[in-house]
Amino acid sequence: MSSVVRVELGERAYDVRVGAGALSSLASHLAQVLGSAPQRALLVIDEGIPAPAVERVVLHLEGAGITLTQARVNPTERVKSLETYERLLASAAEARLERNDPVIALGGGIVGDLAGFVAATYRRGVPVIQCPSTLLSMVDASVGGKTGVNLSASLGGRQRLLKNFVGAFHQPRLVVADTDMLASLEPRVFRAGLGECVKHAMIAGSEDLLAWTESSADAILAHDPDALAQLVGKSVTLKARVVAGDERETAADGGRALLNLGHTFAHAIETLGGVRKRGSDDPGLQHGEAVSIGLVAALAAGEKLAMVDGSLTRRVVALLDRLGLPTGAQGLPPAAELMGAMIDDKKTVGGRLRLIVPTGVGQARVVQDPEPGAVRAGLAAIGAP
Ligand code: GLY
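Using my numbering, the first residue of the sequence shown is number -1, and each one after it goes up by one.
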C-alpha cells in the first residue's frame, strides 16, 4: 500500500510520498518538484543507515545524472550542534550548490533537522528534500518544516543542552517515507517511533486513530508491510492537517502546539544525564521513549487538574506497554530540579510553563502556567522523587 499526503500550505505546499519502495522514484519526483532535474545535490547521510540502503539511493540519484556530494552525520544530540551545521554548510559550498540545488536528508530526525537548517540558511535558502529513515522521522520530524540544532549553554550554574534552540522554519519541497527503510532499524529505535504515533492518536480529534493503533498493535510490531504503510500514512495525515492549520505554531487554540503533548516533560528528562527506562538496564533514553514517558506524565497532570478521566490514562498506559514503550523512568532527579529544566525548555512562554494536557480520547489543550501541584503529580507518576 502506498499513499500521497498533501501538506496544504499554499505556495509552500508539498507531498509526502509514503510506502514500500517509495525511494526508487525519488529522482523523477525531485525533477517534478524542482521544475527540472538538479545538476548537483548535497546528500546528508545518517551513519545509522546500513551501507547497502545508502548505496541504492546514491546509485539511483547518480544514475539520474545528479552530481552528489555526500556528508555523513553520527546521529546524536551532541552532534546536532552549530559545529556540525557549519561543517555541512562548508560541504554545500564545496559542492558549489546553487539556488535550485537541493540538500537531501537521508536519515532520522537529527539528520533531517540539521540538513533542513543548512538548506534554510545556505545562500539564504535552497530546497530541502526529506527522506526519513526512522519511524520517528517519518511520522513527525520530516513533515512540517521545523529545522535546527541544539545549543549548549550554562543556565543556573549548570551546563545544559538546549534542544532545538537555534533553527528556522523551512518547509521541505518533498518528503519520501520509504517504509522498507524501517526493516533495518534496531527494535528499540523502531519502537521509540511508536511513541510519536501514540501521541498523534491522543490529539487526532476522534477515537479512530487510538482504536486503530490498539487493534493493529500486533501487526505493527510484526512489521507487517501494510500495517506499517497505514501507520505512517495515518500519522502523516494527522500531522499534515495540524501543520496546515498552524504552520508557525501561533494559533491561540492550541493548533500545532498540541503536537508537543508529552514533550515538555520529555525534553526535561532528556537534558539530564543518567535517566533510564523504569525497570531496564538499557542505557539512556531514545527521544520517542522520553515522549512515551512524557505522555504518562501529561495524563497524570491532567488527572490532577480534573481535566481527564483515569480511564484514558489506563488505556494509553496499556497501549504503550503493549508496544514495548516505557511508562516511567529511573534515575530522575527531584521534581523541583525537573521543574526548573521544564521552565528552561524553549516551549515555555515568558519564563512560564506551558503544558499540553489531554482532555479526552483524541483531545488535548494548552494549559498556560499550570498549578505546580499538577506538574509534580505528573513527575511523581513517572518516578521522580
Ligand atoms: N514535532 C512537533 C512539530 O513538528 O510541531
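Where a beta carbon is used, it is the ideal one built from N, C-alpha and C, also for glycine.
- If you draw a straight line from the Cα of F167 to the Cα of A181, it comes to about 30 Å.
- Distance from the CA atom of L321 to the CA atom of S204, rounded to whole angstroms, is 21 Å.
- In terms of Cβ geometry, R15 and Q169 do not form a close pair [threshold 9 Å].
- L318 places its beta carbon less than 9 Å from that of V196.
- Distance from the CA of V273 to the CA of R254, rounded to the nearest whole angstrom, comes to 28 Å.
- Secondary structure at P185: helix, using DSSP grouped into helix, strand and coil.
- With respect to the 9 Å criterion, T74 and M136 are not classified as neighbours on the basis of their beta carbons.
- Judged by DSSP in its simplified three-state form, G253 adopts helix.
- Remark: C-beta atoms of E287 and G193 approach each other more closely than 9 Å.
- Using a cutoff of 8 Å, the CB of V241 counts as near the ligand GLY, since one of the ligand's heavy atoms is closer than that.
- Taking a C-beta distance under 9 Å as the contact criterion, P130 and D99 do not qualify as a contact pair.
- Counting along the chain, the unbroken alpha helix (DSSP H) around D319 starts and ends at G308 to R320.
- Annotated three-state conformation of N258 is helix, per DSSP.
- Partner residues in the beta bridge of D13, as assigned by DSSP, are R4 and L172.
- At least 9 Å separates the beta-carbon of V52 from that of A69.
- Taking the Cα positions, L219 is about 21 Å away from R276.
- Taking T269 as reference, the option from V314, A217, V174 and Q157 with the minimal CA-CA separation is Q157.
- Look at the beta carbons and you see the segment 213 to 229 not touching the segment 149 to 163: under three pairs across the two are nearer than 8 Å.
- When DSSP states are grouped into helix, strand and coil, I354 belongs to the strand group.
- For L66, the pairing in a beta bridge is given by DSSP as A39.
- For I108, the uninterrupted alpha helix (DSSP H) segment begins and ends at G107 to T119.
- It is roughly 14 Å from the alpha-carbon of V116 to the alpha-carbon of V77.
- No Cβ-Cβ contact shorter than 9 Å links Q128 with V147.
- According to DSSP, F167 shares a beta bridge with K144.
- In the structure shown, Q284 adopts coil according to DSSP, grouped into three states.
- Annotation for A215: the continuous alpha helix (DSSP H) segment containing it runs D206 to L219.
- Taking the CA atoms as reference points, L297 sits about 48 Å from P36.
- A Cβ-Cβ contact shorter than 9 Å links A113 with L86.
- For L24, same chain residues with a beta-carbon under 6 Å away, outside a window of 5 residues either side, are V174 in chain order.
- Taking all protein chains in view, the Cβ of M200 is crowded by 16 or more other Cβ atoms within 10 Å, so the residue is classified as buried.
- Within the DSSP bridge table, the entry for Q128 names A103 and V173 as partners.
- If you ignore the 5 residues before and after K237, its C-beta comes within less than 6 Å of the C-beta of V141, all in its own chain and listed in chain order.
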